[in-house]
Amino acid sequence: MKITQESTSRMTLKDWNLTQIIFSPLIILLGAYLALYYKPGEIMYTLFGGIFALVGLWALLTVQIISVVLDKGTGRCTFSTKAIFGGSHDECSIADVKWLRLDKKVKTHRSSKGRTHVDYDYQLVFILTAGKEQRFEFGRVPVHYGEDLKSLYERKRKEALPVADFLGIPLTGVGSGPAEKEIQDELF
6 MKITQESTSR
16 MTLKDWNLTQ
26 IIFSPLIILL
36 GAYLALYYKP
46 GEIMYTLFGG
56 IFALVGLWAL
66 LTVQIISVVL
76 DKGTGRCTFS
86 TKAIFGGSHD
96 ECSIADVKWL
106 RLDKKVKTHR
116 SSKGRTHVDY
126 DYQLVFILTA
136 GKEQRFEFGR
146 VPVHYGEDLK
156 SLYERKRKEA
166 LPVADFLGIP
176 LTGVGSGPAE
186 KEIQDELF
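Just so we're aligned, residue 6 is where the sequence shown starts under my numbering, counting upward by one.
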């Protein structure tokens, strides 16, 4: 997610999901090539190519462009996602945003060689009044052996801190200390 402070009263967070936008058509084309032109008489290549093309098509149809606009001049926050089919748009007052939370989910997967890989998926969550949340993907960080896990979190925290500072609200999350517990106890 790219964070841009356009002026002293306006900040924009955008995520274009360019990887998915670029690679989806390539996967569709590769699947179509396998299904139609690479050994056209063999059913395995046709089947595999068709599945590959369908996966690429699904990835292209589900891509979302995320935009968050924080405007102190108008006192409004705009949260929107755009997709080929649909999307969402939500607005609230800046005063309704009580704090930001940086969530971390651990995802593990095995490679073809049997090695286990670990990724951390981070999400930036805008906590609004009445317990309402606006949740956005904030990035994926692969974990490598010997890497300090606290430094991975701190790196993402430093990226999110300007948003909290801009709004004048606390940033909480995994490992953020006693302030997180105080806020959570206050709400729950």
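C-beta: ideal position from N, C-alpha, C; glycine also.
Query - Neighbourhood of Pro30 by C-beta distance below 8 Å, restricted to the same chain and skipping five residues each side - result: Counted from its first residue, the sequence shown places residue 30 at position 25. Same-chain partners within the cutoff: Gly61 and Leu65.
Report task. Could you say which of Arg15, Lys19, Val73 and Thr134 lies nearest to Met216 if we only look at CA atoms? Result -> For residue 216 there is no data in the structure shown, the boundaries of the chain being 6 and 193.
**Report entry** Residues that DSSP places opposite Gln10 in a beta bridge
**Finding:** Counting from 1 along the sequence shown, the entry for residue 10 is found at position 5. DSSP output for Gln10 lists Met16 as bridge partner(s).
Query - Cβ neighbours of Val74 in the same chain (closer than 6 Å, five flanking residues each side left out) - result: Taking the first residue of the sequence shown as position 1, residue 74 is located at position 69. Only residues of its own chain outside the window of five on either side were considered, and among them Thr17 and Thr83 have a CB closer than 6 Å to the CB of Val74, listed in chain order.
Requested in this report: Would you kindly work out how many angstroms separate the C-alpha atoms of Thr113 and Leu107, rounded to a whole number?
Outcome: Looking up residue 113 in the sequence shown gives position 108. Looking up residue 107 in the sequence shown gives position 102. Near 20 Å, if we compare the C-alpha coordinates of Leu107 and Thr113.
Query raised in the report: Roughly how many whole angstroms lie between the Cα atoms of Gly46 and Leu52?
Result: Taking the first residue of the sequence shown as 1, we reach residue 46 at position 41. Taking the first residue of the sequence shown as 1, we reach residue 52 at position 47. Rounded to the nearest whole angstrom, the C-alpha separation of Gly46 and Leu52 is 11 Å.
Report task. Measure the alpha-carbon distance for Phe28 versus Lys103 and round it to whole angstroms. Result -> As a first step, residue 28 is located in the sequence shown; it is residue number 23 there, counting from the start. As a first step, residue 103 is located in the sequence shown; it is residue number 98 there, counting from the start. Just so you know, the alpha carbons of Phe28 and Lys103 end up roughly 38 Å apart.
Query - beta strand (DSSP E) segments (min. 3 residues) lying fully within the segment 25–65 - result: Whole beta strand (DSSP E) segments, 3+ residues: zero.
Report task. Tell whether a beta-carbon distance below 8 Å holds between Ile33 and Val68. Result -> By one-based count along the sequence shown, residue 33 stands at place 28. By one-based count along the sequence shown, residue 68 stands at place 63. Taking 8 Å as the Cβ cut-off, Ile33 and Val68 do not qualify as a contacting pair.
Query raised in the report: Measuring from the CB of Thr86, is there a heavy atom of the ligand NAP at a distance below 7 Å?
Result: In terms of ligand content, the structure shown is empty, and the ligand NAP therefore cannot be addressed.
Query raised in the report: Near Tyr38, what residues of its chain come up, given a Cβ to Cβ distance below 8 Å and the 5 sequence neighbours on each side ignored?
Result: Here residue 38 refers to the residue found at position 33 when the sequence shown is read from its first residue. The answer, listed in chain order, is Gly54.
Report task. Give the C-beta separation of Ser93 and Gly80 to the nearest angstrom, bearing in mind that I take them to be a contact with Cβ-Cβ under 8 Å. Result -> Here residue 93 refers to the residue found at position 88 when the sequence shown is read from its first residue. Here residue 80 refers to the residue found at position 75 when the sequence shown is read from its first residue. About 21 Å separates the Cβ atoms of Ser93 and Gly80, ruling out a contact at the 8 Å cut-off.
Query raised in the report: Are the CB atoms of Phe131 and Leu105 nearer to each other than 8 Å?
Result: Position 126 of the sequence shown, counted from the first residue, corresponds to residue 131. Position 100 of the sequence shown, counted from the first residue, corresponds to residue 105. Cβ distance < 8 Å, so Phe131 and Leu105 count as in contact.
**Report entry** Candidates Ile71, Lys163, Arg120 and Phe141: closest to Ala88 by CA position
**Finding:** In the sequence shown, counting from the first residue as 1, residue 88 sits at position 83. Of the candidates Ile71, Lys163, Arg120 and Phe141, the one whose C-alpha sits nearest the C-alpha of Ala88 is Ile71.
Query raised in the report: Ile70 lies in the beta strand (DSSP E); which residues open and close that run?
Result: The count along the sequence shown starts at 1 and reaches residue 70 at position 65. Start and end: Gln69 to Asp76.
Query raised in the report: Taking DSSP as the reference, what is the three-state secondary structure of Gly92?
Result: Counted from its first residue, the sequence shown places residue 92 at position 87. Correct three-state label for Gly92: strand.
Query raised in the report: What's the call for Arg120, buried or exposed, on a 16-neighbour Cβ count within 10 Å?
Result: If you number the sequence shown from 1, residue 120 lands on position 115. Exposed, since its Cβ has fewer than 16 Cβ neighbours within 10 Å.
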